[in-house]
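As numbered in the working numbering, the sequence shown has no gaps in its residue numbers, which increase by one up to the final residue, 991.
Every residue gets a Cβ at the ideal spot worked out from N, C-alpha and C, and that includes glycine.
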Amino acid sequence: MDKTFQPSDIETKWYQNWEQKGYFAPSGEGEPYCIMIPPPNVTGSLHMGHGFQETIMDVLIRYNRMKGNNTLWQVGTDHAGIATQMVVERQLEAQGIKRKELGRDKFIEKVWEWKEESGGNITQQLRRMAASADWSRERFTMDEGLSNAVQEVFVRLYEEDLIYRGTRLVNWDPVLHTAVSDLEVISEEENGFLWHLHYPLADGSGQLTVATTRPETMLGDSAVAVNPNDERYQGLIGKMIKLPLTDREIPIIADDYVDMEFGTGCVKITPAHDFNDYEMGKRHNLPMINVLTDNAAMNKNVPEAYQGMDRFDCRKQVVADLDAQGLLDKIDDHKLKVPRGDRSGVVIEPYLTDQWYVDAKTLAKPAIAAVENGDIEFVPKQYENIYFSWMRDIQDWCISRQLWWGHRIPAWYDEDGKVYVGRNEAEVRAKHGLGDQTLRQDDDVLDTWFSSALWTFSTLGWPEDTKELATFHPTNVLVTGFDIIFFWVARMIMMTLHFKEEVPFKQVYVHGLVRDAEGQKMSKSKGNVLDPIDLIDGIDLEQLVSKRTSGMMQPQLAKKVEKSTRKQFPEGIAAYGTDALRFTYYSLASTGRDIKFDMGRIEGYRNFCNKIWNAARYVLMNTEDQDCGQDGSSDHEVTLADRWIISRLQRTEQEVAEAIAQYRFDLASQALYEFIWNEYCDWYLELSKPVLWDDNASAALKKGTRRTLIRVLETTLRLLHPFMPFITEEIWQRVAPLAGKTNSGDDATVMLQPYPELNENYVDPQAEADIEWVKGVIEGVRNIRGEMNISPAKAIPILINNGNDEDQRRLEENRQFLMTLAKLETITWLADGDQAPMSATSLVEQMEILVPMAGLIDKAAETARLGKEIEKLQKDLDRITGKLSNPKFVDKAPADVVNKEKEKQAAQQQSLDKLQQQLEQINAL
67 MDKTFQPSDI ETKWYQNWEQ KGYFAPSGEG EPYCIMIPPP NVTGSLHMGH GFQETIMDVL
127 IRYNRMKGNN TLWQVGTDHA GIATQMVVER QLEAQGIKRK ELGRDKFIEK VWEWKEESGG
187 NITQQLRRMA ASADWSRERF TMDEGLSNAV QEVFVRLYEE DLIYRGTRLV NWDPVLHTAV
247 SDLEVISEEE NGFLWHLHYP LADGSGQLTV ATTRPETMLG DSAVAVNPND ERYQGLIGKM
307 IKLPLTDREI PIIADDYVDM EFGTGCVKIT PAHDFNDYEM GKRHNLPMIN VLTDNAAMNK
367 NVPEAYQGMD RFDCRKQVVA DLDAQGLLDK IDDHKLKVPR GDRSGVVIEP YLTDQWYVDA
427 KTLAKPAIAA VENGDIEFVP KQYENIYFSW MRDIQDWCIS RQLWWGHRIP AWYDEDGKVY
487 VGRNEAEVRA KHGLGDQTLR QDDDVLDTWF SSALWTFSTL GWPEDTKELA TFHPTNVLVT
547 GFDIIFFWVA RMIMMTLHFK EEVPFKQVYV HGLVRDAEGQ KMSKSKGNVL DPIDLIDGID
607 LEQLVSKRTS GMMQPQLAKK VEKSTRKQFP EGIAAYGTDA LRFTYYSLAS TGRDIKFDMG
667 RIEGYRNFCN KIWNAARYVL MNTEDQDCGQ DGSSDHEVTL ADRWIISRLQ RTEQEVAEAI
727 AQYRFDLASQ ALYEFIWNEY CDWYLELSKP VLWDDNASAA LKKGTRRTLI RVLETTLRLL
787 HPFMPFITEE IWQRVAPLAG KTNSGDDATV MLQPYPELNE NYVDPQAEAD IEWVKGVIEG
847 VRNIRGEMNI SPAKAIPILI NNGNDEDQRR LEENRQFLMT LAKLETITWL ADGDQAPMSA
907 TSLVEQMEIL VPMAGLIDKA AETARLGKEI EKLQKDLDRI TGKLSNPKFV DKAPADVVNK
967 EKEKQAAQQQ SLDKLQQQLE QINAL
């Protein structure tokens, strides 16, 4: 093995080997275990959330594959209607080509060309994360099979009266000219205004004052509403208002929705341009007056003076005209949530249009029951409440989009506008006897979430009764973030129960979102985005700065991001490798909570990889070309240390299995880390040296130690493999033959080996207790050395006092370990009544470990050294205490800065107390 671990030398090599040999495909044997990948957008690139989610799925897949299950990780990508259309449209515009000039069919051809050339970036990045998905079965939501499934579902739902076309309010993007889902709308707080407007009563007896953040919409008002219990307006309910700037009169209505405490208690109602007003308009049978065009300009339903004006220009003109008529009461500054399209960035309008809808209330009933009766379990369980709250108040689902890229709606219209739905035009003509009548297919496409809702069964071949569908459906678990429980998870449950009459998955593991080290959401504008591939491969500072600031429209923001990047990463980002990144994710993956990604952690786990690599090198150097008992012979002896590490391995196997079953990947990774670093590397390897390096040790004893070294390492590599696939494969290839594993040459891989399981016969509580005693003695001696500044290379005598019979047994049986590993000159057991000399002391339960100080240290020199350290620490502590005693600092500094100073103060005080204790010990000698 090379002296140092270089991830870049092994990762691509092993991944290509695995994929080429078909190791990711189902074995066809064992219990089926299937996970469906949440299909990433075909336009997408890997981000930290993807990386986290994919590693969770991969550890489950690799674990179950090694457990002997018939494992399928079904992979695929989503056609991402809006995002993909925008990407291709921009590319064409850069060439001077307009989408509409090109025409629909030619444009779709260009999209497919782009998809073939550039649409697979994220799948290549997933491979870099070691995702062991079955790429031979990769699907795309627009491929022929899935398109047929989408068409079939639409037609069946329409024939069952569960899909209809209707005029309702939607989120409208005036730039993209399409309805968009709530998930594609980002509402963030912005500074705005609240205009207070006077509305005169039609009979001239007075006026009402309403407040609005969108004055231009008043041109579409249908009523003014008050609370029926509001005594101020009891006598006005039913009267009419003369709507300013128009020739219309509108009624004053009563509705419980109105908050009497907000503003004047009077609310203008614009049913065609506000979701709450829309519901009130339906309750009171109010007219729905749409005042906007597709471009968010004013249409012909407003007075002629405003027709054709942009909505925001119209806003200014309406306010000016009201002011001129004395109907503007006041304008207040007002913070409000402004909905913007996540793709276009423009303000989204509630807009009344004709769209296609799914009767979600009907489909939701069995989907609610499936979770209530336990057929589907959410982990953590608290997310069931979010699911229920959405599903019990579900609205009909708008499934049409005004785009060209996507599944075109299988509906045709005759010249009278009558609609016919079928799988194709020929079927429609034949079914309805339309002969050679002129038919026009609906221009709209289906919402991307519609095809994604069929993902678990459409990818397995539905509507055909395929072998894969029979084998792997229902799937076992869905791994997802909480933000799409409604948009995707709930819709999959509804669709699958309706068409398959079974659940799509048995469990939903809901993970948290990846945030930065301070808990902030990662965003380009904050300059805190991390690219998983940069963490794997490394990136220099200038490239990182360029990457983070490219495409930023505002120079001021770009400078801010550049400054924060240079401060956080003055030397760029080092290459940590895939295994270190994956293990970092697992260490943070407690159920459901958002995770703070700290660069210190990934650095620690890169060191963990180095530790494993160096441990393997030590084992191989001491076992290669040696008899390690791989032939199964019994002519070997085991030491206490051998029994101990084998027992600890069993405990670790059990801990890991229990943690994975509970989706506590943080606990699984912690158990692995503790065993490998602290027990196997730091202790067992050291405990093996007195045997391997002792010329007087028997051949059987040496053979037993070599056998344990190899067998425990080989088992540990299998145990660790689902978490760290690359380093484990590289080392296992060298270790497996020494462990007696059948090596079938090129076809041997750790990923198809059996996963280790607890064997109660190897659990040895006595060995564990004895080694803990040995460790306690060695650590006690090492602590005394450190406190008294005694060189680790100097052999020292120790005395044992106040020990019992069990301590004496352990001492005699492990004297060799203690003498070697604690670097001891002598070990003396003090009998009752023996007077111990002045010594430094450490305790192992009730037993005292004494190190006589005479001749070991220069008392005067050590006292002087400690005095200087104490003086320096005291000065630092006084400085920090003074700062924290200053009200100007405490009151004005940011809370995190003050807290850091308090943490420094506590750490300095702890260090000072320790040094003072050491000084007292020395003075007592």
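Practice item. Whole angstroms is fine: what's the gap from Gly39's alpha carbon to Tyr89's? Key: The structure shown does not extend to residue 39, since the chain spans only 67 to 991, so no value can be given for it.
Practice item. Determine the DSSP secondary structure at Glu155, reduced to helix, strand or coil. Key: helix
Exercise for review: Could you check if Glu584 is buried or exposed, using at least 16 other CB atoms within 10 Å of its CB as the buried criterion?
Suggested key: exposed
Exercise for review: Specify the secondary structure class of Glu1022 as computed by DSSP and reduced to three states.
Suggested key: Past the edges of the chain, shown from 67 to 991, lies residue 1022, and the structure says nothing about it.
Review point. Of all the options Arg406, Asn867, Leu228 and Leu647, which has the alpha carbon lying nearest to the alpha carbon of Asn673?
Key: Leu647
Point to revise | Simplified DSSP assignment, three categories, for Gly933 | key: helix
**Study point:** At least 3 beta-carbon pairs within less than 8 Å: the region 219-226 vs the region 162-173
**Key:** no
Check your understanding: Are Met67 and Glu120 closer than 8 Å when you measure CB to CB?
Key -> no
Point to revise | Cross-strand partners of Lys164 (DSSP beta bridge) | key: Lys164 is not bridged to any residue.
**Study point:** Any 3 or more C-beta pairs closer than 8 Å across the region 474-491 and the region 597-614
**Key:** no
Review point. When DSSP labels each residue in this structure, what does His787 get in the three-state scheme?
Key: coil
**Study point:** Every unbroken beta strand (DSSP E) within the region 382-434, with a cutoff of 3 residues, ordered by chain
**Key:** 394-407 and 415-424
Point to revise | Cut-off 6 Å between Cβ atoms - residues of its own chain near Glu663, not counting five sequence neighbours on either side | key: The question names Glu, yet the displayed sequence has Phe at residue 663. Closer than 6 Å at Cβ, skipping near neighbours: Val580.
Check your understanding: Which partner residues does Cys464 have in the DSSP bridge list?
Key -> Tyr423
Exercise for review: Kindly confirm or deny that the region 716-725 and the region 752-772 touch, where touching means at least three C-beta pairs closer than 8 Å.
Suggested key: no
Check your understanding: Cβ of Gly593 within 8 Å of Cβ of Asp660?
Key -> no
Practice item. Would you decide whether Tyr453 is buried or exposed? Buried here means 16 or more other CB atoms lie within 10 Å of its CB. Key: buried
Exercise for review: Taking only the alpha-carbon atoms, compute the straight-line gap between Thr150 and His116 and give it to the nearest angstrom.
Suggested key: 19 Å
Practice item. Would you mind sorting Leu909 into buried or exposed? The rule is 16 or more other CB atoms within 10 Å of its CB. Key: exposed
Point to revise | Of the residues Thr771, Tyr729, Ser410 and Ile303, the one placed nearest Tyr129, counting alpha carbons only | key: Tyr729
Exercise for review: Leaving out five residues on either side along the sequence, give the residues of the same chain with a beta carbon under 8 Å from the beta carbon of Leu168.
Suggested key: Leu158 and Lys176
Check your understanding: When we look at the beta-carbon of Met208 and count the other beta-carbons within 10 Å, is it buried (16 or more) or exposed?
Key -> buried
Point to revise | Same chain, Cβ closer than 8 Å to Arg636, five either side skipped, listed in chain order | key: Sequence check: residue 636 is Pro here, not Arg. Here the set comprises Leu607.
Review point. Nearest to Lys629 by CA position, among Ile639, Arg614 and Ala640, is which residue?
Key: Arg614
Check your understanding: Where does Ser810 land, buried or exposed, given buried means 16+ other C-beta within 10 angstroms?
Key -> Reliability of the predicted coordinates at Ser810 is poor, the pLDDT of 49 falling under 50, and no value is obtained from them.
**Study point:** Per-residue DSSP class, three states only, for Val108
**Key:** coil
Practice item. Would you grab the beta carbon distance between Arg377 and Ala362 for me? Rounded to a whole angstrom, and I think it's under 8 Å. Key: 5 Å
**Study point:** Whole runs of the alpha helix (DSSP H) within the region 208-294, excluding any shorter than 4 residues
**Key:** 210-225
Check your understanding: Taking the C-alpha atoms as reference points, what is the distance between Ile319 and Gly304?
Key -> 6 Å
Review point. Where do the N-terminal and C-terminal ends of the beta strand (DSSP E) with His859 fall, by residue?
Key: The question names His, but residue 859 in the sequence shown is Ala. Counting along the chain, Ala859 falls outside any beta strand (DSSP E), and DSSP gives it neither H nor E.
Check your understanding: Just to confirm, are Leu783 and Thr794 a CB contact at a threshold of 8 Å?
Key -> yes
Check your understanding: Among Gln720, Ala707 and Gly499, which has the Cα closest to the Cα of Glu879?
Key -> Ala707
Review point. Do Phe71 and Cys675 have their C-beta atoms closer together than 8 Å?
Key: yes
Exercise for review: Note down, in chain order, each residue of its chain lying with its Cβ closer than 7 Å to the Cβ of Gln468, except the 5 sequence neighbours on either side.
Suggested key: His243, Thr244, Ala245 and Asp510
Check your understanding: Using the beta-carbon count (16 or more within 10 Å), is Ile122 buried or exposed?
Key -> buried
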